[in-house]
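Residue numbers (the numbering used here): 12 to 314.
The beta carbon of each residue, even a glycine, is placed where N, CA and C say it ideally should be.
Just below is one structure, and these are the notes that go with it.
In structure tokens, the structure reads:
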């Protein structure tokens, strides 16, 4: 299958998009990326002007395009964000990075597992969960496992989840099982959250789900629930914001971030509100660009 990405509005840098920290289980093999979309193992290779796709099971072209958010007019998004003169260089250096449209259940559990953990650790925990509780899928020489459904998580003991390497052990295992129960019963309705305005959806998510604070909620809302104005903030994004916008932020907030980038709830909301006011509906795209940009700059400075 070939998917055209020849126009500026559909431009994508597949490597940037799949390696920038918004998703954890895609792996690069040479010039190809291999991962799962739903229950299907997918191999994607970027060519000039198009994506070449192979899959373990029949999959619609629209399913791939939907996952990669090729319906987002990237040219217009960059043009809108670049009205901020301080952001233009960031946008220029991170061309082609797209927000993904992930499965909400997998995204929720992934970010519950992500708290205070490196990407490599998150990937290891999730791969362990999939290997133990998911289903095996194969494409040519590639093998992986599907993400376990809520019903599959409910059928396992907390100790089995802990055995996957959860950083916070039993507490995190119980948070995962609680989320599975909410989804299984329909109490947590992802389709309803998609229809809600951002503030109400965030309140619903944080009030229902154990282990879901502002940052985890913003990640889930941005990466799986159509809230492109969500602006998740970790220490990298906080660092990027004070690097670029220190003259526009409250000096006491800047000082606190310099001394301790782990934000209080109040400072998180202040910085998040500043970003949404500045970047508007596409604040989530700005966040992901800033995240990649500051990590790249830090590596360059340290090397």
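| Check | Outcome |
| --- | --- |
| Suppose you measure from the CA of residue 155 to the CA of residue 261; what does that come to, to the nearest Å? | 47 Å |
| Return the residue from the list 203, 164, 240 and 200 that minimises the CA-CA distance to residue 186. | 164 |
| Grouping DSSP H, G and I as helix and E and B as strand, with all else coil, what is residue 214? | helix |
| Among the residues of its own chain, which have a CB less than 8 Å from the CB of residue 104, if the five just before and after it don't count? | 304 and 307 |
| Just the Cα atoms here: how many angstroms apart are residue 9 and residue 153? | The chain is shown only over 12 to 314; residue 9 falls outside these bounds and no answer can be derived. |
| Hey, out of 46, 249 and 66, whose CA is closest to residue 266's CA? | 249 |
| Using a 10 Å radius around the Cβ and a threshold of 16 neighbouring Cβ atoms, would you call residue 297 buried or exposed? | buried |
| Specify the secondary structure class of residue 312 as computed by DSSP and reduced to three states. | For residue 312, the predicted structure reports a pLDDT of 38, less than 50, and the residue's modelled location is therefore unreliable. A value from the coordinates is still provided. Of the three classes helix, strand and coil, the one that applies to residue 312 here is helix, per DSSP. |
| Provide the residue span of the beta strand (DSSP E) that contains residue 48, from first to last. | 43-48 |
| Which term fits residue 47, buried or exposed, when burial requires 16 or more other beta carbons within 10 angstroms of its beta carbon? | buried |
| What does the Cβ neighbour count give for residue 283, buried or exposed, with the cut at 16 atoms within 10 Å? | buried |
| In whole angstroms, what separates the C-alpha of residue 40 from that of residue 120? | 26 Å |
| Is any heavy atom of the ligand ATP found at a distance shorter than 7 Å from the C-beta of residue 263? | With respect to small molecules bound, the structure shown includes none, and the ligand ATP cannot be examined in it. |
| So, at 8 Å on beta carbons, what are the nonlocal neighbours of residue 30 in its own chain, with the 5 sequence-adjacent residues on each side left out? | 37 and 39 |
| Quick check on residue 246: buried or exposed, where buried means 16 or more other Cβ atoms within 10 Å of its Cβ? | exposed |
| Output the distance between the C-alpha atoms of residue 251 and residue 166, rounded to the nearest integer angstrom. | 42 Å |
| With 16 other CB atoms within 10 Å as the buried threshold, where does residue 145 fall? | buried |
| Can you give me the C-alpha to C-alpha distance between residue 274 and residue 268, rounded to a whole angstrom? | 7 Å |
| For my contact list, residue 244 and residue 258 are in at a C-beta cut-off of 8 Å; report their separation, rounded to the angstrom. | With a Cβ gap of about 19 Å, residue 244 and residue 258 do not count as contacting. |
| State the Cα-Cα distance for the pair residue 116 and residue 101, rounded to the nearest angstrom. | 31 Å |
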